[in-house]
Structure formats: C-alpha cells, structure tokens
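These notes are about the structure you will find just below.
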Amino acid sequence: MAVNVAPFKLKSTAKDNVAPRNNVPYERPQRKLTLEEMQARPFLDSDVPGIFDDLLEANLIDLPEMKQIEEAKRKDDPKYCKYHRLVGHAIQDCFVFKNKVMQLARQGKIFLEEDSAATNAITIESGHVDVNKDSYLLLGSKPHNHPLFVSGYVRGQKVNRILIDGGSAVSILPLRILKELEIPIDELSNSRLMIQGFNQGGQRAVGIIRMQLTMEDMVSSALFHVIGFKTSYNMLLGHPWLHENAVVPSTWHQCFKYCRNGIVKKVLDDNKPFTEAESHFADAKYYI
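Going by my numbering, the residue at position 143 of the sequence shown is 143; the numbering climbs one at a time, nothing skipped.
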C-alpha cells in the first residue's frame, strides 16, 4: 500500500548557520570532532529531534539493537539519544543518525530542501513519492533513474505505462494488451521480424498493426510489432515513432516535446505507472 507523507517544515532562526542551544545544559565533549562529524548538512542540530520522530513514524529508519535496557528508560536525561537508546549524547549531537538522514537523501527516499528564507523542508517518500513536479523536473535537481512512462488513449481506452525508448528499433505491443483492447488477431498483418531481448533470445513477432494514439493534445499513429513476451510496459514507442513525429524525449525531465504548427508542446510522464499488485516488475521500485 502506497503511503504519501506530506512535507514538514523545520523552521530555525539561527544566524550564520549556527544551531541554537537548548535550554537544557549540555556539556560539550572535550575531544576533537572527526571530519565526518564536522560534515556540513542542510539542516540544523535543533531540527534533528523532529526529523527523527518523522522518519521513525514513516518506518524509514531501523533502530540499532538495544544494549542497555536500564538506560533506555532514562528518556528525560539531557544526554539521552533516542536513536541509540543510550545515555551519552543527545539525539541532536548523534552524527550516526545524521549520516543516516543523509544516506536516505542520497537514496532518494527523502528530499532535503533549503529555500531562500532559510527554512528547511524534508519530504519523506514511502512508496510513491508525491513530489512537486516543477521542482522535481528542473534541470540540475535531484538525480533519479526513472524510465519515461506516459499514458494515452487507444481506440477510446486508456493505456498507461507507455514506455518511450529511443534505443528500440521498433515499437512494441504485448499480446496481452492487444487482448485487453479487444482487438481481434485477424487485424494483424504478417511479420517476419525476430524480436531480440537483452538475454539475446529471440522470438518472432505475432504480427504488426498500425494504431492511432492520443496523448494529451498529441494525436499520432505507430506501427506496433505484437509480441508474446511478458513485459513491464504496456506499450513501447521506439525511435521510428520518435522520428516520424519529431519527438524529443527527456528521461531526466520526465517528459517529451514535439512541435505542431510552429508551437512547441510538452507531454508529461505518467508518475503512477505501477500498482501495488505490479510491484514485482523491476522498474516498479522507482514508484512503489
């Protein structure tokens, strides 16, 4: 089951990136900090307790094994660490937990943002990440490995998970989708083409069929080779379709552009291409 957790704002009035001190007295350790501990992070120490609570609630962190049961009960101690469940340092001084936060950010499970007002925001992803499209698709924004899926209509029926793949020499339609669209086999023309997959195994196409596609304002047609393979996509549009329609795709920006009557238009991605029941597909890990 996909869970969307709304962004939470972590406000701070700190100046010159110096974290405010807590009211509770805290004895600074006398040893020198390591380079790892001094690493700059896009959040203040005062924000760490709230970050911990939200990540724990979203089940995005696992707590280490409890070593001292008696110390775990001393939650009111100013040196109690909620992550290690030990008395020795406060959670806001726990560089191990801070590194966990940065690791989650690098994995794309949370997003650390810093706006002009110096207010920090973290968006937690558990399942499908519900990100503001404009900020997510900006050039130079967060890295991702999403393939480019779009959705459209074929013969009045909606088809999602249409893969835009400029590396494919042909456009492909799985036989199961042909049946779902209730298109009879006798509409197919004969084909001698052998479709070869990544495993270098080949299978002859069942047939070919040209169909009209509608994606937002774009109406086009594509020549599909129908195959009996099990695929993670419902349709694949290869470079013949891209060239026929002067389409410029961008997996980075998760959209493609085309020109009609001198006007450049854009079709955005299908950002929820997989359901929970389809989580076994390899590409589903980017969405579920």
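We put the CB at the ideal spot given by N, CA and C, even for glycine.
Span of the alpha helix (DSSP H) around residue i
i, result
"M215", "Run containing M215: none in the alpha helix (DSSP H); it sits in the beta strand (DSSP E), 207 to 215."
"E71", "69 to 72"
Secondary structure of residue i, DSSP reduced to three states
i, result
"N271", "coil"
"V219", "strand"
"F97", "helix"
"R106", "helix"
"G50", "helix"
"Q203", "strand"
"L60", "coil"
"Q92", "helix"
"D134", "Note that D134 has pLDDT 43, beneath the 50 cutoff, so the model's placement of it is unreliable and the number below is only indicative. In the structure shown, D134 sits in a helix (DSSP, three-state: H, G or I)."
"L55", "helix"
Proximity winner among the options, relative to residue i (alpha-carbon distances)
i, options, result
"S171", "K158, L193, V48", "L193"
"E182", "R155, G167, A205, A169", "R155"
"L223", "Q68, L242, F229", "L242"
"D53", "I110, E65, P42, Y83", "Y83"
"F43", "L175, A58, M102, I69", "M102"
"Q107", "H144, V96, I185", "H144"
"L173", "A277, F229, Q68, G166", "F229"
Proximal residues to residue i (C-beta, below 6 Å), its chain only, five neighbours per side dropped
i, result
"V248", "K257"
"L268", "C255"
"I177", "N234"
"V48", "I91, Q92"
"T251", "L148"
"R204", "M194"
"L55", "I61"
7 Å Cβ shell around residue i - same chain, five flanking residues per side excluded
i, result
"V87", "E71, R74, D77, K79, Y80"
"P64", "H84"
"K100", "I61"
"S168", "L236, G238, H239"
"Q291", "The structure shown does not extend to residue 291, since the chain is modelled only from 1 to 288, so the question has no answer here."
"I164", "L148, V150, L237, P249, F256"
Own chain residues within Cβ distance below 8 Å of residue i, not counting five before or after
i, result
"V264", "K257, Y258"
"D270", "F149, V150, S151, N160, R161, I162"
"V96", "Y83, H84"
Residue range of the beta strand (DSSP E) that includes residue i
i, result
"L242", "Careful: L242 lies outside any beta strand (DSSP E), inside the alpha helix (DSSP H) at 239 to 244."
"V154", "149 to 154"
"R260", "255 to 260"
"P249", "248 to 250"
Heavy atom of the ligand ZN within 7 Å of residue i beta-carbon
i, result
"D217", "Absence of the ligand ZN from the depicted structure is noted, as is the absence of any ligand whatsoever, leaving it without description."
Next on the checklist: Suppose only complete runs of 4+ residues qualify. What are the alpha helix (DSSP H) ranges in the region 164 to 188, listed by chain order?
Outcome noted: 175 to 180
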